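First the structure, in the form of structure tokens, and then the observations on it.
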Amino acid sequence: FPRKPEVLVSYDRLGNRMKQIESYLNNLLSITIYREHPATGKEGLVRKKTGSTHPGQSGCNFCGLYHCFFCIRCQHLCNDFICSRWVKRWFFIKDSFFGYINPEDGRVKCVIMFDQGFEVASGMYALGLQTGFQIQTLSRQITLKCWTRRKSREWIDALKEIAATSAREFTQPNPHHSFAPVRNNITASWFVDGASYMSAVADAIENAKEEVFITDWWLSPEIYLKRPAIVADYWQLNKLLERKAKNGVKIYVLLYKEVEMALGLNSYYSKQKLLEASENVKVLRHPDHARAGVFLWAHHEKMVVIDQAYAFVGGIDLCYGRWDDDEHRLTDLGSLTPTIDVSTLKKKSSSVPGGDVIYQIPIPYYKRTPIPIVEEPEAPIEDVCPIPQLEPGDNLLIPCVHPAKNTIKSKGKELINLVYNPNENEEDTPTDETDTIDGNHISQQDLQTPEQIIESLDGSAKFWIGKDYVNFIVKDFTNLDSPFDDFIDRVTTPRMPWHDIGVCVQGPAARDASRHFIQRWNATKLEKAKNNKLYPYLMPKSYDIYETLPINFPNLTHKVTCQ
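Quick note: the sequence shown uses the UniProt record's numbering, first residue 1, plus one each step.
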């Protein structure tokens, strides 16, 4: 690129200057990374004042005279030379946020969202700077300085233009005092109970390509998202996240840091368990109660965001006790009462050729041989299941249900032996590849494969494994670092069902949910891991392009209006 300014180029050399610029631009277009580079906002090198990140923080107050504007000259002197330091930063402006990068190592040092508190101030009277300006939002503020007034005015105009155009949805007042506007024609699907919700979350995480955001009041790493867990631990949450993290997907998890004396969530164990998976998994807990003096509130949001394109929100944590379906089972002993499939037995009906008679023709009363009845002394009836007197502290389930169940099984077998011949064996069944069910022939190809049979099983394994079988009234959680050990007796204590709802939104609404998570993550990063290079600042994606994932929702999707 020619370095000589155009004002110094003589008139007879303008033709050569035009050819040089044309050749330079053609060479740039021949490079793929530049030819396919998307449109970007304004970028450039500026100087940032240290100690100006948080609103109200301005370094030294000069004995209380700084904010009283005791002297503009003294204020300018304090700003530039005495009470602050100016560092070089690469400042950038995007469609809905702005920030700066450290030019020495290329790391993003700050990401600030456009919001309804966005303001830009400049001038000697406002800042004590002739070539600087200050940006303020509801969450942060920064003071920047350029080399000339013209450069400063260009940055101010660029910021105001973005705030009035692409970021207008976030800088203008919105209904219900929301940070985001009302979104129309949004594809959404809602879920009742945790079974369908967690299944959809599992499918979404399985199809993630770039990043996954998770925030919960409580998160249990060993929870199974699809049940019964026939395929070992494939759908276990920590295994699923580990599998995606090893494939290059970034996982960001925000957990509520509980007061250990009041809640036994053991979020520290959850954090350590998730961090064992991969270096692509990042976990932050918030808040630090003692240091921040926070005791009267808690983070109670539940959200899972996939590639900033699908957002699951609602009242269902990915933790113990939340998975349930419409049956709301009270017991889970790991097996069902065995039944006999009568369709596999030989059909014995007079309507089938060669079939025997099921019931014998009744004999007339006058032909029957009378049988003398010998009265036997009555034996004392044993109380199979005496009803005890319930007292406080007694178990809620009756422990003598097994003898009664065995009696029912034996009576059922006797009834089947009366209907069918007990001497019937496999030699009476046909040997070809077709069977008959209700007179219809089926081939071997129509029978279910072992894989299909396994998928249709519902009850051969436990639905709630270990700590997931809960009853909060009877006993609170203990020893959460042993997730597969029961802490209440399944035989004597029923589980407590859980009924809640969730929803999945796509498109701009999912971008809004992602924006909220990113703002929380960046605030926590600034507070707890500001200098940790392993935990990056997150940036929201553009609202112009949306991705789709091959997710099969168990429920129908609908077009909704949401905010």
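Glycine included, C-beta positions come from ideal geometry on N, C-alpha and C.
Nothing here was measured: the structure is a model prediction, and the numbers come from that model.
Hey, residue i and residue j: beta-carbon distance below 9 Å or not?
i	j	result
N185	T561	yes
F170	W521	no
L303	H499	In the sequence as presented, Leu is not what sits at residue 303; that position holds Met. No, they are not a contact pair.
D317	A195	no
G99	Y537	yes
I223	D468	yes
F487	K475	yes
E206	A245	no
residue 571	W217	In this structure the chain extends from 1 to 563, so residue 571 is not present and cannot be described.
A180	F114	no
R495	R329	yes
R17	L28	no
F97	G44	no
V120	Q136	yes
D307	L549	yes
Y256	H286	yes
T331	H558	no
K109	S84	no
G314	Y125	no
P221	N247	no
P175	Q563	yes
Y269	L480	yes
V470	D326	no
S482	G466	yes
My assumption, with CB atoms under 8 Å, is that residue i sits in contact with residue j. Please give the rounded CB distance.
i	j	result
K145	T131	6 Å
A202	E242	About 14 Å; that fails the 8 Å criterion.
V253	L274	6 Å
K94	G41	5 Å
V249	E210	7 Å
V88	R150	It is Lys, not Val, that sits at residue 88 in the sequence shown. Not a contact, Cβ separation roughly 19 Å.
P228	F463	6 Å
T524	L219	The pair is not a contact, with the Cβ atoms about 15 Å apart (cut-off 8 Å).
K271	I251	Wrong, their Cβ atoms sit about 12 Å apart, outside the cutoff.
A163	F118	6 Å
L225	S199	7 Å
Y546	A309	6 Å
R490	L333	6 Å
V259	F295	7 Å
With respect to the beta strand (DSSP E) encompassing residue i, which residues constitute its N-terminal and C-terminal limits?
i	result
F191	R183 to V192
G314	Y310 to G314
T148	Neither: T148 is in no beta strand (DSSP E) and is coded neither H nor E.
K48	E43 to K49
I251	K250 to Y256
I214	E211 to D216
T561	H558 to C562
What first and last residue would you give for the alpha helix (DSSP H) that runs through residue i?
i	result
D307	First-last for D307: undefined, no H or E at that position.
T524	P508 to K528
H289	H289 to A292
F295	Counting along the chain, F295 falls outside any alpha helix (DSSP H), and DSSP gives it neither H nor E.
F170	R168 to T171
K19	L14 to L29
T32	T32 to R35
Please confirm if residue i has its CB atom under 9 Å from at least one CB of chain B.
i	result
D486	Looking at the structure shown, chain B is missing, and only one protein chain is on hand.
**Asked** Looking at C-beta atoms only, is the number of pairs between the stretch 538 to 548 and the stretch 509 to 519 that lie closer than 8 Å three or more?
**Response** yes
**Request:** Write down every uninterrupted run of the alpha helix (DSSP H) in the stretch 79 to 132 whose length is 4 residues or greater and which is fully enclosed by it, in chain order.
**Result:** Scanning the stretch 79 to 132 from its first residue to its last, the whole alpha helix (DSSP H) runs of 4-plus residues come out as 124 to 127.
**Request:** Would you be able to state if there are at least three C-beta pairs under 8 Å between the stretch 498 to 509 and the stretch 285 to 293?
**Result:** no
**Prompt:** Three or more C-beta pairs closer than 8 Å, one from the stretch 547 to 558 and one from the stretch 134 to 143: is that the case here?
**Reply:** no
**Request:** Evaluate the contact criterion for the stretch 224 to 241 versus the stretch 524 to 537: three or more CB pairs, one atom per stretch, below 8 Å.
**Result:** The stretch 224 to 241 is not in contact with the stretch 524 to 537.
**Request:** Would you list, in sequence order, the uninterrupted beta strand (DSSP E) runs of no fewer than 3 residues that lie entirely inside the stretch 225 to 287?
**Result:** 250 to 256 and 281 to 286
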